[in-house]
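Trainee: In the numbering used here, the protein residues as written are 24 to 291.
The beta carbon of each residue, even a glycine, is placed where N, CA and C say it ideally should be.
I am attaching a structure below and will ask some questions about it afterwards.
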């Protein structure tokens, strides 16, 4: 099982779009995928067609203190998504009540391990778990970093984003050392206007600085990704021939190729 956090302390970089569309593409390729919506804004939950305020069981219940009567196991809040008759995509939803989670966790012993423990104890097996993190480095994101093995950092090809990514990677490294926990960090270029000369220059610079961490796949700017989210469905099922759907499908294939590399490394 691969547990991957999708994180960036800057908003508007397609974190949620990546969680939904990469997860759906992997599910279409036969992988069993769980999306955990760890953002109080509940955009992943909304983007998959749910009204967050109508949900009585959410990820907040999973992160309740151990003695709380409201605490639930992860498998008790998971929703099986029926997307285009596929049965491989699942959601651990969020809602606005989750905004109080930071305060509830702040004085709890072992608070950074709550999510990790819940995933470990989950009786439902998955090939991939994606955690959509809030745009901050608070206790919720720390929980995600402790629970995962890999981090995908989406970034737009803007000059200001370069400095932000460097700072975020440095902060993530500090968290990693404090938690004594290995993390593989990969960078994904998103919302890229590949026709723009400025974007091309920035992409070239990103490749120069982060070549060993950078996905080959670039997610092009595409209105279909926005439209699909507004309709509560992944782009792959909303408009399969759109640039957005094609790019995330290619990304899923690239992510799967890492599985093969790891198996080959293990055989050696």
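Taking the straight line between their C-alpha atoms, what separation do you get for residue 287 and residue 206?
Mentor: With a pLDDT of 44 at residue 287, under the threshold of 50, the modelled position of this residue cannot be trusted, and the question is left open.
Trainee: Per DSSP, residue 56 forms a beta bridge with which residues?
Mentor: Residue 56 pairs with 112 and 151.
Trainee: Taking the straight line between their C-alpha atoms, what separation do you get for residue 155 and residue 177?
Mentor: Residue 177 has its alpha-carbon roughly 11 Å from the corresponding atom of residue 155.
Trainee: Tell me the residue span of the beta strand (DSSP E) that contains residue 106.
Mentor: Neither: residue 106 is in no beta strand (DSSP E) and is coded neither H nor E.
Trainee: Please specify which runs of the beta strand (DSSP E), each continuous and at least 3 residues long, are wholly inside the region 126 to 188, giving them in chain order.
Mentor: Taking only runs of at least 3 residues, the beta strand (DSSP E) segments lying wholly in the region 126 to 188 are 151 to 155 and 173 to 178.
Trainee: Is the beta carbon of residue 62 within less than 7 Å of some heavy atom of the ligand NAD?
Mentor: As for the ligand NAD, it is missing from this structure, which has no ligand bound.
Trainee: Please go through the same chain and pick out, in chain order, the residues whose beta-carbon is closer than 7 Å to the beta-carbon of residue 142, but skip the five residues on each side of it.
Mentor: Answer for residue 142: 26, 97, 152 and 170, listed in chain order.
Trainee: Can you give me the Cβ contacts of residue 55 inside the same chain, cut-off strictly under 6 Å, excluding the 5 residues immediately before and after it?
Mentor: 111, 149 and 150
Trainee: What is the residue span of the beta strand (DSSP E) that residue 28 lies within?
Mentor: 25 to 29
Trainee: Measure the Cβ-Cβ separation of residue 67 and residue 43 and say whether it is below 8 Å.
Mentor: Result yes, Cβ atoms of residue 67 and residue 43 sit closer than 8 Å.
Trainee: Starting from residue 233 and walking both ways along the alpha helix (DSSP H), at which residues does that stretch end?
Mentor: 220 to 233
Trainee: Taking 8 Å as the threshold, find out whether the region 154 to 168 comes into contact with the region 118 to 129 through three or more Cβ pairs.
Mentor: Contact holds: three or more Cβ-Cβ distances are below 8 Å.
Trainee: Mind checking residue 60: buried by the 16 CB within 10 Å criterion, or exposed?
Mentor: buried
Trainee: Given residue 37, which residues of its chain have a CB within under 6 Å of its CB, disregarding the five upstream and five downstream residues?
Mentor: 177, 213 and 214
Trainee: In the DSSP assignment, what are the bridge partners of residue 192?
Mentor: Looking at the DSSP assignment, residue 192 forms no beta bridge with any residue, so it has no partner.
Trainee: Would you call residue 271 buried or exposed, if buried means 16 or more other Cβ atoms sit within 10 Å of its Cβ?
Mentor: buried
Trainee: Run through the DSSP bridge pairs and tell me what residue 243 is partnered with.
Mentor: The partner list for residue 243 (beta bridge, DSSP) reads 215.
Trainee: Within the chosen definition, does the region 128 to 143 reach the region 77 to 94 through at least 3 CB pairs nearer than 8 Å?
Mentor: Touching, yes.
Trainee: Opposite residue 293 in the DSSP bridges: which residues?
Mentor: Since the displayed the chain opens at 24 and closes at 291, residue 293 lies outside it and no answer follows.
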